[in-house]
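The working numbering puts the last residue of the sequence shown at 933; the count rises by one with no breaks.
Glycine is no exception: its CB is placed at the ideal position from the N, C-alpha and C atoms.
Right, one structure below, let's go through it.
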Amino acid sequence: MNVVRWGMIGCGSVAERKSGPAFYKAPGSALVAVMGRRLEAVTEYAARHGIARTYTDVDALINDPEVDAVYIATPPDSHHAYSLKVAAAGKHCCVEKPMALNAGQSREMQQAFADAGLHLFVSYYRRSLPRFQQVRQWLEQGRIGQVRHLSWTLTKAPSPKDLDGSANWRIDPAVAGGGYFADLASHGFDLFQYLLGDIVEVAGFTARQAGLYAAEDAVSASWRFASGALGMGCWNFVADRREDRVEIIGSQGRIGFSVFDEHPVELHADEDISLEIPHHEHIQWHHVLGMNAQIRGESRHPAIAAEALKTDWVMDQILKRH
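See below:
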């Protein structure tokens, strides 16, 4: 197929700028239908983005004969059921991250698509962002020698919504599989395994330090990569300020970057390099291009379900999920 025709389930904030426009602006891609539970919201989204067909019934979108692949842009608690419907309909799928509520659900999803001979992607789009491709290149070139250790600190202060108890699915464990840690740290763990290989052992601690919501608001963890390199992380969402800093320590140098913030990507080795590498306006642009290329059989895309399962396993160990 020259053009991959996508249908999208969900039209919330993630689909407004980060992902949705990439599906219809990227070469060889079209967003032909969108589904939302509220008719007014989905109609307005379709009008803003020039999408031809709207649905309020998920089965109707999935079984639309003009849809080749389905993007599930909903909270994690719906990913398992929706994706299995997509597999049963014989269509390719991209599901938002985290892949599901736990690795057990994700494994069932991955197996269903494998059995059907279909592609299941997960929106770990940082694997294809230019800034992290640069980090990967430095590592592959051996610029910092043997990797010894990775550390990540991610902190932020409570938001006004956190403080006043406003509804927020990201801090409802039943919907998100955890709190902000599940939502955000999953991106980092997926990226780190893309850069440094599989994590094979991990342990962590969680706490509700401020008690503002049901989910954990503080997490610390340590882990071991298959290569022998070690890692540690600190995530605190009731801290004094925002910080997002990763450092990879090698035998001959160091690499520094942020997972979410657009700080310079830095190399400190035989020379010091600091590169400003901005994101595309629609941050999932490269991810969409990669998925479409794999669907057309042109190349392999790294953000696939088999890889996302590894991150789900890590998250399960830290959060003690079953």
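Under 6 angstroms Cβ to Cβ from residue i, same chain only, skipping five residues before and after it: list those, please.
i, result
"GLY844", "TRP763 and ALA832"
"ASN847", "THR766 and ALA829"
"VAL925", "PHE800, ILE810 and VAL813"
"ASP773", "LEU823"
Does the separation of the CB atoms of residue i and residue j fall below 8 angstroms?
i, j, result
"LYS702", "VAL678", "yes"
"ILE888", "VAL899", "no"
"VAL625", "GLU707", "yes"
"ARG825", "PRO771", "Strictly speaking, residue 825 in this sequence is Ala, with Arg absent from that position. No."
"HIS766", "LEU930", "Reading the sequence as shown, one finds Thr at residue 766 and not His. No, they are not a contact pair."
"MET612", "PHE732", "no"
"HIS730", "MET710", "no"
"HIS893", "ALA904", "no"
"HIS760", "ALA837", "no"
Going by DSSP in three states, residue i sits in which element: helix, strand or coil?
i, result
"GLY844", "strand"
"GLU892", "coil"
"THR685", "coil"
"LEU795", "helix"
"SER862", "coil"
"LEU731", "strand"
"ILE755", "coil"
"TYR824", "coil"
"GLU707", "coil"
"THR922", "helix"
"GLY701", "coil"
"SER739", "helix"
"ILE620", "strand"
"ILE673", "helix"
With a CB to CB cut of under 7 angstroms and the five nearest residues on each side skipped, what residues in its chain are close to residue i?
i, result
"GLN863", "ILE755, GLY756 and ALA880"
"ARG819", "GLU827 and ASP828"
Quick one, which of the options has its alpha-carbon nearest residue i's?
i, options, result
"ARG649", "CYS704, GLU812 and VAL669", "VAL669"
"GLY621", "ALA652, ILE894 and THR685", "THR685"
"GLY631", "ALA840, TRP896, GLN752 and ALA919", "TRP896"
"GLY789", "LEU806, ALA837, ALA768 and HIS933", "HIS933"
"HIS891", "HIS690, LYS629, TYR635 and GLU858", "LYS629"
"ILE884", "ALA692, VAL786, ALA671 and ILE866", "ILE866"
"GLN804", "VAL758, ALA778 and GLN820", "VAL758"
"LYS636", "ALA652, THR654 and ARG616", "ARG616"
"ALA725", "VAL857, SER694 and GLY839", "SER694"
"GLU858", "GLY908, HIS874, ASP851 and ALA850", "HIS874"
"MET720", "ASP688, SER739 and ALA821", "ASP688"
"LYS681", "GLY861, ILE906 and GLN928", "What sits at residue 681 in the sequence shown is Val, not Lys. Comparing Cα positions, the closest option is ILE906."
"ASP851", "PHE792, ALA768 and SER739", "ALA768"
"THR742", "ASP923, GLU882, SER869 and ALA916", "Rather than Thr, the amino acid found at residue 742 in this sequence is Arg. For the residues ASP923, GLU882, SER869 and ALA916, the minimum Cα distance to ARG742 belongs to SER869."
"ASN779", "THR667, GLY623 and MET619", "GLY623"
Assuming residue i contacts residue j (C-beta within less than 8 angstroms), just tell me the rounded distance between them.
i, j, result
"GLN748", "LEU886", "With 8 angstroms as the limit, GLN748 and LEU886 do not qualify as a contact, their Cβ atoms being about 11 angstroms apart."
"ALA914", "TYR735", "5 angstroms"
"LEU920", "ALA714", "6 angstroms"
Leaving aside the five residues before and after residue i along the sequence, list all residues of the same chain whose C-beta is less than 8 angstroms from its C-beta, in chain order.
i, result
"PHE871", "LEU765, LEU795, HIS798 and ASP855"
"GLY661", "TYR635"
"LEU750", "VAL758, LEU806, LEU807, ILE859 and ILE866"
So does residue i have its beta carbon nearer than 7 angstroms to some heavy atom of the ligand FAD?
i, result
"MET843", "Because no ligand of any kind appears in the structure shown, any question about the ligand FAD cannot be addressed here."
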